[in-house]
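Going by the UniProt record's numbering, the sequence shown wraps up at 138, each residue one higher than the last. Data block below; observations after.
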Amino acid sequence: MAKSKLVLPQRIVGEMVKLAKTELPNECCGVLSGSNLQVTTFWPLKNEAQSPLYYRVSPGEYQNVKYEISRKNEQLIATFHSHPKTRATPSYTDRLNHPDQAILMLILSLKVNPPELKGYFIEDVHSYVPYPIVMNSQ
Ligand SMILES: [Zn+2]
1 MAKSKLVLPQ RIVGEMVKLA KTELPNECCG VLSGSNLQVT TFWPLKNEAQ
51 SPLYYRVSPG EYQNVKYEIS RKNEQLIATF HSHPKTRATP SYTDRLNHPD
101 QAILMLILSL KVNPPELKGY FIEDVHSYVP YPIVMNSQ
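Right, here's the structure in full:
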């Protein structure tokens, strides 16, 4: 993950923005899959916490989506969640709960207009770096 960029279809960005607005005032969440850093599928997940400040996915739902992704011969590339009222920066809780260093973290902030989407490589709970995203029309 130390190289290159995440490639994200405009269509999926639209789906993420729509979900984030639908779930207000709470955070929304999901994961993105594809191959070689090209995202092809967006999987919305339920925010069990129903909170405007953090999100929680049930372990069962997370395992199910990982299974569905493998059945499509895709890889889990990134987690996704929204920040209704703060900038698109990983919180301490976000970093603490991040499932795997090999997975990127995408955050969509609705604090700003138009919404701001940022990607991160989460090295550990204390260390993260921005990861570039390019959008395409696939
Ligand atoms: Zn967050």
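Heads up, the beta-carbon is just placed ideally off N, CA and C, and yes, glycines get one too.
Counting along the chain, where does the alpha helix (DSSP H) carrying A20 start and finish? Within the sequence shown, residue 20 is the residue found at index 20, counting from 1. Start and end: Q10 to T22.
TODO: Reducing DSSP to helix, strand and coil, say where Q75 ends up.
DONE: Your numbering for residue 75 matches position 75 in the sequence shown. Three-state DSSP puts Q75 in a strand.
So, with DSSP's three-state summary, where would you put L53?
As a working mapping, residue 53 is identified with position 53 in the sequence shown. Residue state, collapsed to three classes: coil.
> What do you get for N47, buried or exposed, if any count of 16 or more other CB atoms within 10 angstroms of its CB means buried?
Replying inline: Position 47 of the sequence shown, counting from 1, holds the residue named residue 47. Flag for N47 reads buried.
**Report entry** 8 Å CB neighbourhood of L37 in its chain, flanking five on each side removed
**Finding:** The residue labelled residue 37 in the question sits at position 37 within the sequence shown. When the five nearest sequence neighbours on each side are left out, the beta carbons in the same chain lying within less than 8 Å of the beta carbon of L37 are those of S4, K5, L6, V7 and I77, in order along the chain.
Practice problem: Verify the contact flag: H81, CB atom, against every heavy atom of ligand 1, threshold strictly below 7 Å. | Solution: Residue 81 sits at position 81 when you count from the first residue of the sequence shown. Within the cutoff, so yes.
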